[in-house]
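First comes the structure, then the notes that go with it.
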Amino acid sequence: MERETGSQDGPRVGVFATCLVDLMRPAVGFATVRLLERAGCRVSVPAAQTCCGQPAYNSGDNESATAIACQVINMFMSFDYVVVPSGSCAGTLKKHYPEMFANDPIWEPRAEDLSKKTYELTEFLVDVVKFKNVSANWCNSVTYHDSCSGLRELGIKNQPRALLENVSGLIISEGAEAEACCGFGGLFCVKYGDISNEIVGRKVADIQETDADMVLGGDLGCLMNIAGKLKRQGSSVEVRHVAEILADMHDHAAIADPDSVEDV
Amino acid sequence: MDPQIRQFRGNARGAINNRNLQSALAKLSSGFPARRSQAAARLPEFEALRDEARAIKDHVLEHLDIYLERYEAEVMSAGGQVHWCADADAARAKITEICKAAGAKTVTKSKSMIGEEIAINGHLESKDITPVETDLGEYIIQLRDEPPSHIIAPAVHLTMDQVADTFMARHEGLDPTRALDEPRKLLEEARAQLRDKFIGADVGLTGANMLIAETGSNVLVTNEGNADLTYSLPKVHIVIASLEKIVPTLEDAATILRVLARSATGQEMSVYTTFCTGPRREADTDGPEEYHVVLLDNGRSKLIGTEFQAMLRCIRCGACLNHCPVYQTVGGHAYGWVYSGPMGAVLVPGLIGLEEASNLPNASTLCGKCESVCPMHIPLPRMLRSWRQKQFETNRSGSFARVALRVWAALARRPGLYRLAVGLGIAGLGAWGRRRGRFAWLPMAGGWTGGRDFPAPNGDTFIAQWHQGARGDASGAWLRRQGP
Ligand code: SF4
């Protein structure tokens, strides 16, 4: 039996943690679970999950991408909802799986079914379960980076802001270019590193214009890119996934910051 | 201009280090997008017009043969001629033939990306015919012997000082101490230089923003009025256009015009919108005696019926370039041929082959901004992915990135093995990087770490910790407890 937490009579939610959260920043996974529990859900994190297949899909390797997609569909088919702490991976499940299986009599309906119940975390909290009870504190100003897939594939813009407004003490200072791409782009950031680096340079300049102490966002890929650039420039601006602040789980080091102050 | 797309990476690096270019691009990136969004916001029916415009072009592409034949019939009944050209060679030969027949020494030109696509200038020069660009931007880059860097703003890569220097160097017989420090002065000087050329030209060559089937007209949109002089002064007029430029009716043309300028420059309308139909009639006071249309295919009809058909809806507004983070970083020349930015990255592999253009579909973050602003709703990111897929299928060679990706994908399909492998990898990486929280350098990730640090992972994976019963708490104690 897989581990299950939260309220037993709530909707059954499967968390698709995403490979980056799984590998790079477990804190986001824990924060996601905590938020879903608080929102009254019955939460599972299927142990066999790996990756949504987006790197393969975006590189033209449709054979691998569809094989991975079948695996994800099978794993999450039985849940009421699938919640993903990433706009771009949620977008893959929601928008691209149905595309991948277009005209496949068996898999297209399954992909459509999964698509209908898949949500990005903040989208799920605000639009589906109408979660209002954010009990978190953060007495500082933050700015928000709207990551491309979340914004343009899923229309996520107001949901994270609506949640953050309920964090006591928190002030949102919007960047003029909050919606601009950070230049991550999956494998693009390595393949065309020079260009990617210039794009993220403009992104962090916009962030610094806001005078915020922290950048939040819903996609770890973008956040790692932004944090990597800020830290290379010696900036003290912290970078975190929005779930960490919403779940009030932010005592550990921010992205790309040293593990703990005493260790430095 | 011969394609130089293989040099994309090197070109991009050069572009990033070119200060003048970067300041010109910064201006473009803040100017055009802001003006577009204001123009769109001022027009309540803008979104509805986009849908209509898309529907018009989709309809045409489904019935292209019918509309092309109708168009040809109308051009002929207005006294003009249509020359069907399958490729660039055929189009060049036809244009030269018409010029020779007219005994042309100089040809004024206006507004044609197709002219660039078939490299007509060099060809005419080789036949002792002098082409004179009359669009200010085109004129400037012709003086500098450079290709255009943007489909609607060909000299957008230059700063005003560079233009002034070019005029100083190339305009002979003028006071070398004259001031050229304002756009207006530059414009006046160019205008004075061009006036005689307009009057002396034997043939006028223009592109076309649209071809209208019901009237046989071509539509020209400019801000300088140069197209009108190119059309009306010389004895012979040649329109060079690709076949997907067709629209059924004047009404349809009006719909597309309403989204075109708004998307391109944020203007409600361009300053001049001209409808040219055939040669002068008896009662006309001006206009050409001959009217030719060189209708070019050059690979476009092959795209019909494929997943790239929607690319032929493109009206060349340039919005996708203006909003593209990659274009904003490297400018148009880096792309190595006439068409740049997202529309170029989709169209060029279709026109000249994926092998030659293999860089273009990959040099994109797939951020989706282009599709969101494209007045014709062209799904550019989806098509970039389709090119990548074709590339993956045909390219069996084992580049490093490709092998790494295959290994990753193979692991992702085997959860047990994946857990084992990533668990070990992450533990090692985490132990190495946890003290600083990041890496300044990582093997084989130079593309990233050249300009950025790479965040270190936080110890054990989430899935492993979760299934060991961890909950994560505010203090982050689990990180240290569970860490390697
Ligand atoms: S693809 Fe769309 S946005 Fe780009 S130039 Fe063509 S019509 Fe304009």
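One line per chain: the protein sequences are S and Z, in this order.
Residue numbering for the first sequence follows my numbering, beginning at 3 and increasing consecutively.
Residue numbering for the second sequence follows my numbering, beginning at 657 and increasing consecutively.
In this text, a Cβ means the ideal position worked out from N, Cα and C, and glycines have one as well.
Quick caveat: nothing in here was measured; it's all calculated off a predicted structure.
Apart from the 5 residues on each side of it in sequence, residue 743 of chain Z sits with its Cβ closer than 6 angstroms to the Cβ of 954 in its chain, given in chain order. The Cβ atoms of residue 1044 of chain Z and residue 1018 of chain Z sit closer than 8 angstroms to each other. In this structure, the CA atom of residue 791 of chain Z is about 14 angstroms from the CA atom of residue 929 of chain Z. Using a Cβ-Cβ cut-off of 9 angstroms, residue 135 of chain S is close to nothing in chain Z; its nearest Cβ partner there is about 17 angstroms away.
Excluding five sequence positions before and after residue 233 of chain S, the CB atoms of its chain that fall closer than 6 angstroms to its own CB belong to 258, given in chain order. Between the region 209-228 of chain S and the region 78-90 of chain S there are three or more inter-stretch CB-CB distances shorter than 8 angstroms, so the stretches are counted as touching.
From the beta-carbon of residue 189 of chain S, the residues of chain Z found nearer than 8 angstroms are 1057, 1061. For residue 972 of chain Z, the CB falls within less than 7 angstroms of some heavy atom of the ligand SF4. Neighbourhood of residue 197 of chain S in chain Z, by CB distance below 8 angstroms: 668, 672, 982, 985, 986, 1019, in chain order. The alpha-carbon of residue 104 of chain S is positioned some 6 angstroms away from that of residue 110 of chain S.
Less than 8 angstroms separates the beta-carbon of residue 228 of chain S from that of residue 205 of chain S. Secondary-structure assignment with DSSP links residue 897 of chain Z through a beta bridge to Z:951. Within its own chain, the residues whose Cβ lies closer than 8 angstroms to the Cβ of residue 235 of chain S, once the five positions on either side in sequence are excluded, are 206, listed in chain order. Close partners of residue 1074 of chain Z in chain S (Cβ separation under 7 angstroms): 52. Under DSSP, residue 740 of chain Z shares a beta bridge with Z:951. Taking C-beta atoms as the reference points, residue 53 of chain S and residue 15 of chain S fail to come closer than 8 angstroms. Comparing alpha carbon positions, the residue from Z:1003, Z:944, Z:935, Z:808 closest to residue 900 of chain Z is Z:1003. Under the 8 angstroms criterion on CB atoms, residue 1023 of chain Z is classed as interfacial with respect to chain S.
At a cut-off of 8 angstroms, the C-beta of residue 975 of chain Z has no neighbouring C-beta in chain S.
Taking a cut-off of 8 angstroms for Cβ pairs, the region 661-673 of chain Z and the region 884-893 of chain Z do not touch, as fewer than three such pairs fall below it. Considered as a whole, the region 755-793 of chain Z harbours 762-766, 786-789 as its complete beta strand (DSSP E) runs of no fewer than 3 residues, in chain order.
Closest in alpha carbon position to residue 182 of chain S, among S:210, S:148, S:203, is S:148.
Annotation for residue 224 of chain S: the continuous alpha helix (DSSP H) segment containing it runs 222-234. The C-beta distance from residue 768 of chain Z to residue 863 of chain Z rounds to 3 angstroms, short enough to meet the 8 angstroms contact threshold. Shown here for residue 804 of chain Z: same chain residues with a beta carbon closer than 8 angstroms to its own, the five before and five after excluded, namely 769, 772, 793, 794, 797, 810, 811, 988, 994 in chain order. With respect to chain S, the C-beta atom of residue 965 of chain Z has no partner C-beta closer than 8 angstroms. The DSSP-derived three-state label of residue 978 of chain Z is helix. Residue-level contact check: residue 100 of chain S does not touch chain Z, since none of the beta carbons of chain Z fall below 8 angstroms from its beta carbon. For residue 944 of chain Z and residue 872 of chain Z, the gap between their C-alpha atoms comes out near 16 angstroms. In this structure, S:60 is the residue among S:60, S:17, S:36, S:9 with its C-alpha nearest to the C-alpha of residue 1040 of chain Z.
A heavy atom of the ligand SF4 is found nearer than 7 angstroms to the CB of residue 1031 of chain Z. For the region 1097-1116 of chain Z, the beta-carbon criterion of a distance under 9 angstroms to any beta-carbon of chain S is satisfied by 1100, 1101, 1102, 1103, 1104, 1105, 1106, 1107, 1108, 1109, 1110, 1111, 1112, 1113, 1114, 1115, 1116. For residue 43 of chain S, no chain Z residue has a C-beta closer than 9 angstroms to its own C-beta; the minimum C-beta separation is roughly 15 angstroms. The beta carbon of residue 114 of chain S sits closer than 8 angstroms to the beta carbons of 100 from its chain, once the five residues preceding and following it are set aside; these are given in chain order. Against chain S, a Cβ distance below 7 angstroms from residue 1082 of chain Z picks out 25. For residue 967 of chain Z, no beta strand (DSSP E) encloses it, and the DSSP letter there is neither H nor E.
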